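Chemist: Next up is a structure, given as structure tokens.
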Amino acid sequence: MKHRSFFSSIAFRLPFAILSICGLVASLALVAIYGLSRAQSEMTSYSSTAFASLAKASTISRQVSTLLSTAPFLLNTTSPYRLSNESLQIVRQIDALMEYVGRQPADILADLDEDDRTHRVLDVLSAIRKETLALADNADEAQRYKSLVGATVAKLEALQQEPRFVPTNNVALKQIAISAAASDNFLQLGELQRQYLRLSEPPGSTSPAVEAKGTLALYDGVFELRQAYLSRMFAVRSALTRLGTASQNLGAATEAQFMGTGQTLSKGFASTTQALSHLRQVILAALLLVIALSVAAILTVIRVSKAIMGISEGMHQLARGEKDAQAPRFEGPETELRNLVRAFTAFKASVDRVARLRSTAEAAARTIRSTFRSMNEGIAIFDHSGRPITMNHRIIKLMQQKPSARKLPARSFASKIKEIAPDLLPDGLAHPGNLRNPIVLRARCSAQSVLEISLSRQAGERVVMLVRDITEADRQEADARRAQRLDATMRMTHQVSHEVGNMIGIITGSLGLLEKASPLDPMQQRHLARIRKAAERGKTLASSMLSAASHQVLAPARFDVSALLLGMLDVLEMAAGNHCVIRLDLRRPLPPVFVDPALFEQAVLNLCLNAAAAMQEGGEILITAERRQAMLAVEICDRGSGMAPEVMDRAFEPYFTTRPNRGGTGLGLAVVYGFVRQSGGEVSIHSRLGEGTRVEMLFPALPEHRGHEQSPELANEH
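Numbering (numbering that gives the first Met the number 0), first residue to last: 0 to 717.
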């Protein structure tokens with residue numbers, strides 16, 4: 000057992016492992032040295048292959064020199080036939096050279112950088128071959144045109160011997176034709192053609208005879224054929240010029256191939272030899288260093304392992320709960336082991352304290368975890384790179400994310416909230432985000448909910464996101480602002496209408512005095528009638544403004560809403576038109592109310608007209624009446640086009656309309672709002688684009704014992 004524990008101890012295993020590593024490293028070093036020596040011998044054989052490549056490059060250079068010495072003589076050749084023959088001979092030389100390059104083994108160039116240079120030589124040879132073939136074709140065409148010109152001139156000489164030869168200037172025309180057949184450029188040919196046209200033109204206005212026309216056609220053919228011949232020769236000279244340039248490029252490419260191959264081989268041999276020498280030295284030095292370190296490590300580990308075993312035994316005693324565990328004694332020079340012994344003593348003192356604190360911390364953690372999960376506010380914490388650390392379920396729901404979103408980084412997690420600028424949040428270590436100071440913003444989600452989002456940074460660059468649902472508070476604030484704005488508009492409308500009514504009263508009274516003061520002629524009476532008519536229109540306008548400003552004269556009475564709605568059903572159906580259907584939903588028993596019946600009917604009628612206008616293609620208008628605690632609720636619903644939020648916010652404002660071209664005045668909803676508020680009730684609009692509109696009116700319900708007396712609210716209004 001004693002020998003078995005020794006073989007299982009670090010004192011045996013670590014030295015054994017180090018010795019094994021040294022043996023392996025030594026083996027690897029020997030293998031590497033052997034491999035490098037083998038590589039050097041292979042480099043020697045590789046040099047022979049490289050010299051074969053040089054021999055190939057030399058052969059290519061020699062054949063290219065032969066080709067270059069042949070090509071320039073084409074420039075001195077003027078005969079198209081000779082040009083064609085010599086061009087075809089050059090093409091055969093190029094084909095032989097390209098075939099030689101293609102027959103070379105691929106491994107000659109496989110390890111060198113002259114592939115590109117060889118391909119460059121082949122490309123230049125292909126270009127020269129193409130140009131030479133084109134030159135030969137043009138030379139053949141030129142020879143053909145030259146033969147045709149000679150045949151035409153011979154035909155003209157034969158015609159001159161016939162007695163019926165017509166042209167009078169036949170000697171001059173013949174001389175011009177011979178000169179044209181021998182012309183070498185277009186300028187000379189053009190001058191001869193002008194002379195020919197001047198001599199061939201018949202005297203006076205007489206037209207040439209038929210025989211003369213045939214003869215002149217032969218002269219014209221001489222000029223046309225010579226012109227085609229000169230065009231082909233011009234193409235031949237252009238091709239010769241390009242061949243000269245290509246020949247120079249070929250010479251340069253061949254020389255570059257030869258020089259590059261030599262330089263590459265020299266550099267490769269030098270660098271390979273130097274690298275092999277350095278590598279051999281490094282391997283030997285590393286081997287000596289490994290051996291020295293291994294010996295030092297073995298001596299140190301043997302001494303340290305004894306102390307570690309003592310400390311390990313003490314730690315096991317603490318783990319078993321033995322409070323009398325003692326720290327091992329160590330008198331070695333190693334500072335780390337002395338510190339480890341002192342740390343063991345401090346650790347033993349901390350174990351008892353940690354055990355006492357653990358139960359308290361676990362209870363606090365459970366409380367914090369439960370509070371974190373059940374918070375009504377959503378909270379999420381991200382690290383400095385944007386990775387999530389923790390978050391509760393509430394924030395996932397508020398941010399309209401899936402449960403798997405708790406693994407998303409900060410920017411992706413907040414991507415559905417457009418009000419949060421992406422640059423604020425971190426996105427990896429390269430983009431830490433621009434959030435420096437705490438910010439609070441509001442976001443409107445697609446579900447018509449309003450969120451208050453707080454973003455801040457904690458110590459350690461952590462990002463904390465706190466989200467609260469403030470939809471109800473935001474709605475109440477919007478309602479309060481809208482009510483304040485409408486009340487201010489109504490007060491201003493009332494003041495303006497009151498002042499306008501006073502001024503119209505003065506105008507009307509003054510008109511009466513004028514009519515009674517003295518007799519008026521018909522013209523004056525017509526003027527006064529116009530003034531009175533305008534005053535009446537102003538009075539009507541002021542009255543409508545008073546109605547919209549909640550200051551109209553009411554005649555409240557106690558009545559049954561269900562009976563009134565059933566009685567006006569025919570009127571509502573007629574007003575809505577044939578394309579709309581009115582349906583009543585009276586949820587009895589309905590409490591009685593104390594409001595003005597006529598204005599109540601007008602309010603319902605206005606709302607039904609608006610609903611019918613919103614449904615151009617027809618539909619159902621639903622009128623619902625029910626008790627809601629101490630209030631009577633009357634709702635008018637339609638499935639029309641609905642309202643945008645900005646339109647719904649201004650719907651109750653006087654003279655605001657979305658149908659100015661279809662008879663809208665902007666007073667319908669304003670009168671409804673004024674009537675309901677003046678009657679002590681509330682009115683609200685609920686609408687979405689494409690989903691229809693619902694207008695809700697709430698009136699105070701009368702108790703069952705209430706008589707026909709006036710309500711205190713309405714009494715205060717009068």
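Virtual Cβ for every residue (Gly too), placed ideally from N, Cα, C. On a predicted model such as this, the values are computed, not experimentally measured, just so you know.
Taking Cβ positions, are C21 and I290 nearer each other than 8 Å?
Modeler: Yes, the Cβ-Cβ distance between C21 and I290 is below 8 Å.
Chemist: What residue from Q142, L147, D139 and I93 has the CA that sits closest to D122's CA?
Modeler: If we check each option's Cα against that of D122, I93 comes out closest.
Chemist: Return the first residue and the last residue of the alpha helix (DSSP H) that G189 is part of.
Modeler: Per DSSP, G189 belongs to the alpha helix (DSSP H) from F185 to S199.
Chemist: Spell out the partners DSSP gives G377 in its beta bridges.
Modeler: Its beta-bridge partners are V466.
Chemist: Near I177, which residues of its chain fall below 7 Å by C-beta distance, leaving aside the five closest residues on each side in sequence?
Modeler: Closer than 7 Å at Cβ, skipping near neighbours: V152.
Chemist: Count the other CB atoms, across all protein chains shown, that sit within 10 Å of the CB of N184; report buried if there are 16 or more and exposed otherwise.
Modeler: Result: exposed.
Chemist: Straight-line CA distance for T656 to L571?
Modeler: Cα to Cα, the separation comes out at about 22 Å.
Chemist: Would the segment 523 to 538 and the segment 555 to 572 be scored as touching if the rule is three or more Cβ pairs under 8 Å?
Modeler: No, the segment 523 to 538 does not touch the segment 555 to 572.
Chemist: Take every Cβ of the segment 609 to 620, pair it with every Cβ of the segment 586 to 598, and state whether three or more of those distances are shorter than 8 Å.
Modeler: Judged by Cβ distances under 8 Å, the segment 609 to 620 makes no contact with the segment 586 to 598, as fewer than three pairs qualify.
Chemist: Please report the straight-line C-alpha distance between F412 and Q475, rounded to a whole angstrom.
Modeler: Computed Cα separation, rounded: 29 Å.
Chemist: Just to check my reading of the structure: A234 and N137 have Cβ atoms closer than 8 Å, yes? What is that Cβ distance to the nearest angstrom?
Modeler: Contact holds; Cβ gap of about 5 Å.
Chemist: A379 and M464: beta carbons closer than 8 Å?
Modeler: Closer than 8 Å, so yes.
Chemist: Quick one: what's got a C-beta closer than 6 Å to M390's C-beta in the same chain, skipping five residues either side?
Modeler: Closer than 6 Å at Cβ, skipping near neighbours: A379 and R405.
Chemist: For L701, does the count of other Cβ atoms within 10 angstroms reach 16, so buried, or fall short, so exposed?
Modeler: It counts as buried.
Chemist: Identify, in the order they occur along the chain, each residue of the same chain with its Cβ nearer than 6 Å to the Cβ of A28, setting aside the five sequence neighbours on each side.
Modeler: Contacts found: I282 and L286.
Chemist: Assign R393 to one of two classes, buried (16 or more other C-beta atoms within 10 Å of its C-beta) or exposed (fewer than that).
Modeler: Burial call: buried.
Chemist: In the DSSP assignment, find the beta strand (DSSP E) that holds F593 and state where it starts and stops.
Modeler: Start and end: V592 to V594.
Chemist: Expressed to the nearest angstrom, what Euclidean distance is found between the alpha-carbon atoms of G639 and C607?
Modeler: The straight-line gap from Cα to Cα measures roughly 12 Å.
Chemist: Candidates E600, N577, R193 and R587: which alpha carbon is nearest L554's?
Modeler: It is Ala, not Leu, that sits at residue 554 in the sequence shown. If we check each option's Cα against that of A554, E600 comes out closest.
Chemist: Kindly confirm or deny that the segment 640 to 651 and the segment 683 to 690 touch, where touching means at least three C-beta pairs closer than 8 Å.
Modeler: Taking 8 Å as the limit for Cβ pairs, the verdict is that the segment 683 to 690 does touch the segment 640 to 651.
Chemist: Counting pairs of beta carbons, one from the segment 432 to 446 and one from the segment 339 to 352, are three or more of them closer than 8 Å?
Modeler: Output reads no: the segment 339 to 352 does not touch the segment 432 to 446.
Chemist: On the criterion of 16 or more Cβ atoms from any shown chain inside 10 Å, does S78 qualify as buried, or is it exposed?
Modeler: So S78 counts as exposed.
Chemist: To the nearest angstrom, how far is it from the Cα of E223 to the Cα of V148?
Modeler: If you take the alpha carbons of E223 and V148, they lie about 9 Å apart.
Chemist: Run through the DSSP bridge pairs and tell me what A724 is partnered with.
Modeler: The chain is shown only over 0 to 717; residue 724 falls outside these bounds and no answer can be derived.
Chemist: Please state whether DSSP places G724 in a helix, a strand or coil.
Modeler: Residue 724 is absent from the model: the chain starts at 0 and stops at 717.
Chemist: Taking Cβ to Cβ, would you say R586 is nearer than 8 Å to E625?
Modeler: Yes; because the gap between Cβ atoms is below 8 Å, this pair is in contact.
Chemist: Judging by CA-CA distance, which residue of E85, L82, C636 and T117 is the nearest neighbour of L96?
Modeler: The shortest C-alpha separation from L96 is found at T117.
Chemist: What do you get for L108, buried or exposed, if any count of 16 or more other CB atoms within 10 angstroms of its CB means buried?
Modeler: Low local confidence applies: a pLDDT of 44 at L108 is under 50, so the model's placement there is unreliable, with the coordinate-based value given in what follows. L108 is buried by the Cβ-count criterion.
Chemist: Keeping to the same chain, check which residues put their C-beta closer than 7 Å to that of L132; ignore five residues upstream and five downstream.
Modeler: So the list reads V90, once near-sequence residues are dropped.
Chemist: Taking the C-alpha atoms as reference points, what is the distance between L740 and I503?
Modeler: In the structure displayed, the chain extends from 0 to 717; residue 740 sits before or after that span and is not available.
Chemist: Reducing DSSP to helix, strand and coil, say where S448 ends up.
Modeler: It is coil, neither helix nor strand.
Chemist: Out of S448, E460, Q457 and A479, which has the shortest C-alpha to C-alpha gap to V466?
Modeler: Measuring from the Cα of V466, the nearest candidate turns out to be S448.
Chemist: For P764, does the three-state DSSP call read helix, strand or coil?
Modeler: Not covered by the structure: residue 764. The range shown for the chain is 0 to 717.
Chemist: According to DSSP, S683 sits in a beta bridge with which residue or residues?
Modeler: Answer is E695.
Chemist: Buried or exposed, going by whether 16 or more other CB atoms sit within 10 Å of the CB of K417?
Modeler: With fewer than 16 Cβ atoms within 10 Å of its Cβ, K417 is classed as exposed.
Chemist: In terms of DSSP beta bridges, what is I581 paired with?
Modeler: For I581, which the question treats as bridged, DSSP gives the partners I620.
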